[in-house]
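Heads up: the structure comes next, in structure tokens.
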Amino acid sequence: MLNGIPINYYIMLSAILFIIGVVGVMARRNAIIIFMCIELMLNAVNLLLVSFSTLHNDASGQVFVFFIMAVAAAEVAVGLAILSMVYRHLKTVDIDLLNRLKN
Amino acid sequence: MLGLTITQWLFGILSLMAIMFALMVVFTRNPVNSVLYLVLTFFCIAGHYLLLNAQFLAVVHIVVYAGAIMVLFLFIIMLMNLNPDTEPRKHIMTRLIAGVIGGVLLFVFVGALKGAEQLQLTQSGASQIGLIKNLGHVLFTEYLFPFEITSVLLLAALVGAIMIGKKDTNINVSRNS
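So the protein sequences, as listed, match chains A and B. Numbering of the first sequence is given in the numbering used here, commencing with residue 180 and proceeding in unit increments. Numbering of the second sequence is given in the numbering used here, commencing with residue 57 and proceeding in unit increments.
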């Protein structure tokens with residue numbers, strides 16, 4: 180099934196997905212979209228970990244992906260709670276209006 | 057067909073779809089559409105996991121990301137009543153600079169990868185590591201302690217999310233007066 184896909188292709192794919200996430204974080208002002216771009220970056224790293232785990236026939240990489248998924252779930256839960264609290268107070272999730280950490 | 061095997065065709069199609077949907081996530085103005093495109097991207101990545109013989113991880117990825125995290129995003133967006141009309145946009149210059157920085161970063165990655173040797177992913181006899189039996193064995197022997205710590209982390213995140221999301225009447229009163 181896995182014949183002849185060089186690992187470089189997976190590295191390139193992960194790099195492109197990661198960079199799309201980076202550009203999204205820099206180019207958008209909606210805080211929720213920024214969270215989604217962070218998820219995209221985490222998934223690019225997950226894909227790279229799984230491909231190297233397959234390359235080396237080592238299950239440790241896939242176990243690490245589990246832990247990254249758990250950390251991402253925790254991060255999203257807390258982050259969205261913070262965002263909904265911010266929205267309740269300020270009626271906006273525009274990241275450029277949230278740059279003072281006070282008032 | 058062009059001397060490519062079925063796996064290579066699948067890899068190419070899934071990669072193109074993943075990159076296209078990821079671009080749509082960034083460049084769509086409507087946040088709800090953005091979430092839906094991100095779900096499609098996650099499905100493409102799950103397809104890649106299947107190609108890499110990580111079956112259990114593919115299922116967990118769909119359940120956790122597409123099933124749980126993205127539904128949470130969708131709920132929050134619908135609670136906030138965000139739509140394209142109220143969507144804030146950055147200055148055109150900032151977006152241009154973001155694109156340039158992304159391009160330069162991609163250039164650096166490609167340059168770093170240029171001299172790397174080509175290693176092929178092969179299907180040897182011990183490719184059963186993606187199955188739940190082997191993963192569970194590794195998880196509960198070698199990585200038992202991090203697994204338990206993860207449960208503590210999830211509990212802490214749960215408590216933290218509830219404490220942050222709880223309506224704090226004192227702050228509201230002081231802000232309104």
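Glycine residues also receive a C-beta, built at the ideal position from the N, C-alpha and C atoms.
Against chain B, the CB of I247 of chain A has no partner CB under 7 Å away; the residue lies outside that interface.
Distance from the CA of L92 of chain B to the CA of G258 of chain A, rounded to the nearest whole angstrom, comes to 20 Å. One Cα belongs to R85 of chain B, the other to V164 of chain B, and the distance between them is close to 29 Å.
Residue burial annotation: I69 of chain B is exposed, with fewer than 16 other C-beta atoms found within 10 angstroms of its C-beta. Under the Cβ criterion of 7 Å, P140 of chain B is not counted among the residues facing chain A.
Relative to L209 of chain B, the option among A:N209, A:A206 and A:A249 whose CA is nearest is A:A249.
Chain-ordered listing is empty here: chain B has no CB closer than 8 Å to the CB of I213 of chain A, the nearest sitting near 10 Å.
Residue environment: Q241 of chain A is assigned as buried (16 or more neighbouring CB atoms within 10 Å of its CB, all protein chains considered). Proximity of chain B to I261 of chain A at the Cβ level (cut-off 8 Å) is accounted for by I220, in chain order. Of A:I212, A:S230 and A:I217, the smallest CA-CA separation from I198 of chain A is found for A:I217.
I101 of chain B has a beta carbon lying within less than 7 Å of a beta carbon in chain A. Here the C-alpha atom of D273 of chain A lies approximately 35 Å from the C-alpha atom of Y105 of chain B. Interface flag for M136 of chain B against chain A is set, since a Cβ pair is found closer than 7 Å. Separation of L196 of chain A and G203 of chain A (C-alpha to C-alpha, rounded to the nearest whole angstrom) is 11 Å.
Between I125 of chain B and chain A, the shortest Cβ-Cβ separation is below 7 Å. 7 Å or more divides the Cβ of A260 of chain A from the Cβ of G123 of chain B.
Contact of V202 of chain A with chain B by beta-carbon distance below 7 Å involves V82, A154, G155 and G158.
Close partners of G186 of chain B in chain A (Cβ separation under 7 Å): Q241.
Boundaries for Y199 of chain B: no alpha helix (DSSP H) harbours it, and the DSSP string shows neither H nor E there. Counting other Cβ atoms within 10 Å of its Cβ, S71 of chain B reaches 16 or more and is therefore classed as buried. Residues T63, L66, F67 and L70 of the same chain have their beta carbon placed closer than 8 Å to that of L107 of chain B, with the five preceding and five following residues left out of the count. Annotated three-state conformation of P87 of chain B is helix, per DSSP.
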